[in-house]
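Enquirer: One structure, as structure tokens, below. Some questions next.
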Amino acid sequence: MRMALRDSGMTVGFARRVALVLSAGWLSGGLVPSGLEAGEAGLLEFMRAQSQRRYTQVPRQVLAFYYTWYGTPARHGRWIHWGQVNPEQHDISESTHYPARGAYDSDDPELVDAHMDQAKAHGLTGFIATWWGRDGFEDRAFVTVLDRADRKGFKVTVYWETAPGSGAAQKDRAVRDLVYVLRRYGRSPAFLKVDDKPVIFVYGRVMGQMPLSAWPEVIHRARAEAGDFILIADGYSESYARLFDGVHTYNICGWVQNKSPEALRQLSARTFAENVGLAKRHARISCLTVIPGYDDTKIRKPGLKADRQNGQTYRVLWEEAIRADPDWVLITSWNEWHEGSEIEPSWEHGDQYLKITAHYAAQFRASPFSRVPVPASASKLTADQAQRLRQSFAGRTIGLLPGYSGLAPLMLADAGVAVRELAWADLLDARLFNPRAYPVVLYAGGEHYLRTVRTANDVEQALQRYLGEGGFLVCMPHLPWPFYYDEAVGKPAPITARLGLPVAGGWERPPEGATLKFELDTRALPGLPASVLFPASGDLRWRPAQRSAAPAGARYSALATLKDATGQSLGDAIAYVELREPPLQGGKTLYVWMRIPELLGDEPGLCALWQFVAEKLAGR
């Protein structure tokens with residue numbers, strides 16, 4: 197199933213690891229520390245450099261995801277990706293619907309010509325073709341696609357689907373794959389480009405497989421070997437918008453399913469505007485995805501289904517996408533027959549969805565560029581907020597643990613607070629990693645950490661030592677359970693309890709029909725609302741803090757509590773703990789559930805949380 201993934205965790209970075217302090221230099225342009233070669237700076241510094249790449253007038257495109265993995269016995273000796281084909285019954289075992297032209301072969305030039313002619317005639321400007329690596333079936337088929345596109349005056353690019361492996365081998369393969377595509381295909385006039393730079397779309401699987409920390413090195417090395425290029429990441433997140441040249445998502449069926457046209461219009465209007473706003477704020481290429489529907493229940497159990505509603509789903513999404521005014525509209529899909537998301541004519545729907553596409557594509561392409569303004573600064577912090585943060589942490593450096601993502605560390609850097617990226621190995625040296633060097637250490641990862649670098653559990657022990665010396669561990673994860681998986685073994689090895697973080701099990705989805713809201717301690721967190729509702733969509737996995745999960749003797753303070761309609765507590769979304777018994781005696785922890793900053797408006801919520809941290813550091 198092709199669903200967008202959240203930010204992946206970041207593991208130990210380059211072979212020569214750099215611990216880079218970013219202070220006010222982030223705002224003023226910053227400097228790569230002397231003696232470092234290009235590509236060796238930390239992730240935050242790379243993001244700062246990427247902020248200089250600005251896309252303010254991007255020519256319109258209407259692009260469809262295109263699948264070149266189909267084969268027939270006539271050309272390949274067997275059915276490929278179709279399964280059992282029954283033309284008399286208009287049935288294909290691996291396809292939700294039956295193609296109007298019947299089961300076909302992606303390597304047939306006449307077929308590719310027909311697809312491109314149909315697409316151009318109905319307002320599309322290009323295809324994003326699935327690509328699984330060099331010399332595979334889809335790679336060979338792309339040779340035909342690129343050749344026919346060149347003859348037709350059509351644009352094509354690849355959808356980079358997989359980046360297997362780990363560590364140096366994974367990065368080496370990723371660089372080889374990028375360089376291969378850029379050298380073999382990227383120089384063609386038919387390959388999609390912006391400002392003469394080839395454009396490559398990166399699927400969510402790659403985003404999940406590749407640690408965030410690996411991207412600066414991979415991008416630098418590929419640029420050095422093959423010239424500059426553009427990457428469009430799958431996922432709308434602050435980290436991706438800062439790191440890549442653009443953002444998109446492949447499949448929105450997760451929030452389209454079970455929506456009436458009216459409900460879908462309200463949700464897509466809000467979501468599309470937010471997604472375009474994120475990209476424009478960072479001067480990135482903004483993409484919105486529309487789908488005619490989705491149904492993979494024939495090939496997956498139980499599967500997912502977003503009903504087409506006789507074209508209404510597609511129309512509503514197109515109308516709201518045009519209103520949100522992105523640079524590009526992406527269509528999922530031209531021909532992903534397995535998942536029933538195709539707009540290519542079918543026996544069931546005829547050419548209904550091509551006609552709808554033509555109508556809306558003409559409207560979208562009527563203006564040459566998006567009219568959404570690009571602000572001068574990407575940060576949403578006010579000057580007042582930034583100044584307060586700088587003053588609150590003046591003379592202090594915040595240690596940033598590996599695996600980070602999201603806004604929490606980025607906002608500190610935006611404000612000019614000193615933030616130092618740490619490798620897990622850095623924690624082992626007590627002379628360097630201690631509360632004097634880092635009064636606060638931030639975990640802003642997902643669920644992964646590295647438990648052992650040299651001897652068994654030495655990272656866990658280093659964090660315990662840090663807390664026992666009076667350190668402050670702030671935990672603002674972007675996935676449900678921090679410090680849960682040991683990335684060295686890929687298995688659960690939760691250590692939150694051993695670090696004074698009182699995280700407990702909750703639910704995967706809230707009880708059906710429940711009315712839930714968070715009640716906040718506004719004395720501890722001034723300026724925030726007294727209550728906010730539990731989110732209605734997105735990742736709803738609830739991992740609360742519980743007083744009963746805190747270490748013995750600890751002083752536990754709930755700063756935000758989830759309650760149902762009867763007022764019953766369902767656990768805490770923000771909890772502050774002062775540790776009072778060995779081996780953690782003297783330490784402090786703050787746990788923040790992954791969705792709370794977003795529910796509190798991101799910057800306002802994070803500012804209040806960091807001010808709370810600063811006050812506790814000052815002994816108040």
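Here this note's numbering runs 196 ahead of the position in the sequence shown, where the first position is 1. Here a beta-carbon is modelled for each residue, glycine too, at the ideal position from N, C-alpha and C.
1) Does the beta-carbon distance from residue 527 to residue 486 come in below 9 Å?
2) Looking at the ligand ATP, does it come within less than 8 Å of residue 493, judged from the CB to the closest heavy atom?
3) Going by DSSP, what residue range makes up the alpha helix (DSSP H) through residue 371?
4) Tell me the rounded alpha-carbon separation between residue 282 and residue 538.
5) What three-state label does DSSP hand residue 751 in the structure shown?
6) Given that a residue counts as buried once 16 or more other Cβ atoms are within 10 Å of its Cβ, and exposed if not, what is residue 441?
7) Helix, strand or coil for residue 644? Go by DSSP, reduced to three states.
8) Around the C-beta of residue 478, are 16 or more other C-beta atoms found within 10 angstroms, so that it is buried, or is it exposed?
9) Counting Cβ pairs, one atom from each stretch, are 3 or more of them under 8 Å apart for the stretch 427 to 440 and the stretch 469 to 483?
10) Please report the distance separating the alpha-carbon of residue 483 from that of residue 445.
11) In the structure shown, what three-state DSSP assignment does residue 719 receive?
12) Please state the DSSP three-state secondary structure of residue 447.
13) May I have the straight-line CA-CA distance separating residue 298 from residue 257, to the nearest angstrom?
14) Out of curiosity, what's the CA-to-CA distance linking residue 786 and residue 761?
15) With DSSP collapsed to three states, give me the class of residue 310.
16) Exposed or buried, residue 542, counting other C-beta atoms within 10 Å across all chains shown (16 or more means buried)?
17) Report, in whole angstroms, the separation of the C-beta atoms of residue 775 and residue 810, which I expect to be a contact under 8 Å.
18) Label residue 578 either buried or exposed according to how many other C-beta atoms from any shown protein chain fall within 10 Å of its C-beta, with 16 as the threshold for buried.
19) For residue 644, count neighbouring Cβ atoms within 10 angstroms of its own Cβ and tell me buried if that reaches 16, exposed if not.
20) In or out: residue 595 buried (at least 16 other Cβ within 10 Å) or exposed?
21) Per DSSP, residue 323 is paired with what?
22) How long is the line joining the alpha carbons of residue 309 and residue 409, rounded to whole angstroms?
23) Considering only residues of the stretch 584 to 615, which uninterrupted alpha helix (DSSP H) runs meet the minimum length of 4 residues and lie entirely inside it, listed in chain order?
24) Could you tell me the distance, in whole angstroms, from the CA atom of residue 496 to the CA atom of residue 654?
25) When the Cα atoms are used, what is the spatial distance from residue 333 to residue 270?
26) Taking the DSSP output, what are the residues bridged to residue 765?
27) Let me know if residue 685 comes out buried or exposed under the rule of 16 or more other beta-carbons within 10 Å of its beta-carbon.
28) Nearest to residue 562 by alpha carbon, out of 815, 519, 688?
29) What's the C-alpha gap between residue 548 and residue 507?
30) Do you know how far the Cα of residue 510 is from the Cα of residue 469?
31) According to DSSP, residue 741 sits in a beta bridge with which residue or residues?
32) Mind reading off the beta-carbon distance from residue 374 to residue 352? Whole number of angstroms is fine, and I expect it under 8 Å.
33) Is the beta carbon of residue 322 closer than 9 Å to that of residue 239?
34) In chain order, what residues of the same chain have a beta carbon less than 6 Å from the beta carbon of residue 679, not counting five sequence neighbours either side?
35) Just to confirm the assignment, what range does the beta strand (DSSP E) spanning residue 727 have?
36) Taking the alpha-carbon positions, what's the residue 361 to residue 587 distance?
Expert: In short, the structure shows the following:
1) Against the sequence shown, residue 527 aligns to sequence position 331. Against the sequence shown, residue 486 aligns to sequence position 290. Yes.
2) This structure lacks the ligand ATP; in fact it carries no ligand of any kind.
3) For the purposes of this step, residue 371 is taken as the residue at position 175 of the sequence shown. Residues 363 to 380.
4) As a working mapping, residue 282 is identified with position 86 in the sequence shown. As a working mapping, residue 538 is identified with position 342 in the sequence shown. Between residue 282 and residue 538, the C-alpha separation is close to 19 Å.
5) For this step, residue 751 is matched to residue 555 along the sequence shown. Strand, per DSSP.
6) Start at 1 with the first residue of the sequence shown, and residue 441 comes out as number 245. Per the 10 Å Cβ criterion, buried.
7) In the sequence shown, the residue the question calls residue 644 occupies position 448. Residue 644 falls in the strand class under three-state DSSP.
8) As a position in the sequence shown, residue 478 is number 282, starting the count at 1. Residue 478 should be labelled buried.
9) yes
10) Within the sequence shown, numbered from 1, the residue matching residue 483 stands at position 287. Within the sequence shown, numbered from 1, the residue matching residue 445 stands at position 249. If I take the Cα positions, the gap works out to 8 Å.
11) Within the sequence shown, residue 719 is the residue found at index 523, counting from 1. In this structure, residue 719 counts as coil in the three-state DSSP scheme.
12) Indexing the sequence shown from 1 puts residue 447 at position 251. Reduced to three states, the DSSP call for residue 447 is coil.
13) Here residue 298 corresponds to residue number 102 of the sequence shown, with the count starting at 1. Here residue 257 corresponds to residue number 61 of the sequence shown, with the count starting at 1. Straight-line Cα distance between these residues: approximately 29 Å.
14) Taking the sequence shown and counting its residues from 1, the one referred to as residue 786 is at position 590. Taking the sequence shown and counting its residues from 1, the one referred to as residue 761 is at position 565. Taking the straight line joining both Cα atoms gives about 27 Å.
15) Within the sequence shown, residue 310 is the residue found at index 114, counting from 1. Note: residue 310 maps to helix in three-state DSSP.
16) Against the sequence shown, residue 542 aligns to sequence position 346. When all chains shown are included, residue 542 counts as buried.
17) Position 579 of the sequence shown, counting from 1, holds the residue named residue 775. Position 614 of the sequence shown, counting from 1, holds the residue named residue 810. Not quite, the Cβ-Cβ distance comes to about 19 Å (not below 8 Å), so this is no contact.
18) Counting from one through the sequence shown, the residue named residue 578 turns up at place 382. Exposed is the call here.
19) Counting from one through the sequence shown, the residue named residue 644 turns up at place 448. Classification of residue 644: buried, given that the 10 Å Cβ count is 16 or more.
20) Mapped onto the sequence shown, residue 595 falls at position 399. Buried.
21) On the sequence shown, position 127 is the one that residue 323 refers to. DSSP output for residue 323 lists 260, 352 as bridge partner(s).
22) For the purposes of this step, residue 309 is taken as residue 113 along the sequence shown, with counting starting at 1. For the purposes of this step, residue 409 is taken as residue 213 along the sequence shown, with counting starting at 1. Going by the C-alpha atoms only, they are around 41 Å apart.
23) 603 to 611
24) Residue 496 sits at position 300 when you count from the first residue of the sequence shown. Residue 654 sits at position 458 when you count from the first residue of the sequence shown. Near 43 Å, if we compare the C-alpha coordinates of residue 654 and residue 496.
25) Position 137 of the sequence shown, counted from the first residue, corresponds to residue 333. Position 74 of the sequence shown, counted from the first residue, corresponds to residue 270. Each residue's alpha carbon lies about 16 Å from the other.
26) Here residue 765 refers to the residue found at position 569 of the sequence shown. Partner(s): 759.
27) Start at 1 with the first residue of the sequence shown, and residue 685 comes out as number 489. By the 10 Å Cβ count, residue 685 comes out exposed.
28) On the sequence shown, position 366 is the one that residue 562 refers to. Answer by Cα proximity: 519.
29) On the sequence shown, residue 548 is found 352 positions in, with the first residue counted as 1. On the sequence shown, residue 507 is found 311 positions in, with the first residue counted as 1. Approximately 8 Å, taken between the alpha carbons.
30) As a working mapping, residue 469 is identified with position 273 in the sequence shown. As a working mapping, residue 510 is identified with position 314 in the sequence shown. Rounded to whole angstroms, residue 469 to residue 510 spans 17 Å at the Cα level.
31) In the sequence shown, residue 741 corresponds to position 545, counting from 1. Answer is 699, 768.
32) As a position in the sequence shown, residue 374 is number 178, starting the count at 1. As a position in the sequence shown, residue 352 is number 156, starting the count at 1. Rounded, the Cβ-Cβ distance is 17 Å, inconsistent with contact.
33) Numbered from 1 along the sequence shown, position 43 holds the residue referred to as residue 239. Numbered from 1 along the sequence shown, position 126 holds the residue referred to as residue 322. No, the pair does not count as a contact, with Cβ atoms beyond the cut-off.
34) The residue labelled residue 679 in the question sits at position 483 within the sequence shown. Excluding positions up to five away in sequence, the list reads 645, 691, 692.
35) Here residue 727 corresponds to residue number 531 of the sequence shown, with the count starting at 1. Residues 727 to 729.
36) Indexing the sequence shown from 1 puts residue 361 at position 165. Indexing the sequence shown from 1 puts residue 587 at position 391. Going by the C-alpha atoms only, they are around 44 Å apart.
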